[in-house]
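What follows is a single structure, written as structure tokens, with notes after it.
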Amino acid sequence: MPGTPLDLGLVLGPLRRGPGDPTFRATPDGSVWRTCRTPAGPGTLRVALRDGAVRG
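Residue numbering for the sequence shown follows my numbering, starting at 154 and increasing by one per position.
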């Protein structure tokens, strides 16, 4: 919902498979890094909040 505060950790946290999951990392700036396998090969995504918008 636009204009509503968003916590990326709460939104993306359910994708994490335990505290040692090597495919999910949250950084001190609040960004979340996520890796996965796709039909085209491995993929990496960084999701961050910047100026009130989600960037990824």
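Heads up, the beta-carbon is just placed ideally off N, CA and C, and yes, glycines get one too.
In the DSSP assignment, GLY194 falls within the beta strand (DSSP E) that extends over 194-203. No residue range can be given for THR180, since it is assigned to no beta strand (DSSP E) and is classified by DSSP as neither H nor E.
Following the DSSP letters along the chain, one finds ARG190 inside the beta strand (DSSP E) bounded by residues 185-191. Following the DSSP letters along the chain, one finds LEU159 in no alpha helix (DSSP H), marked with neither H nor E. In the DSSP assignment, ARG208 falls within the beta strand (DSSP E) that extends over 206-208.
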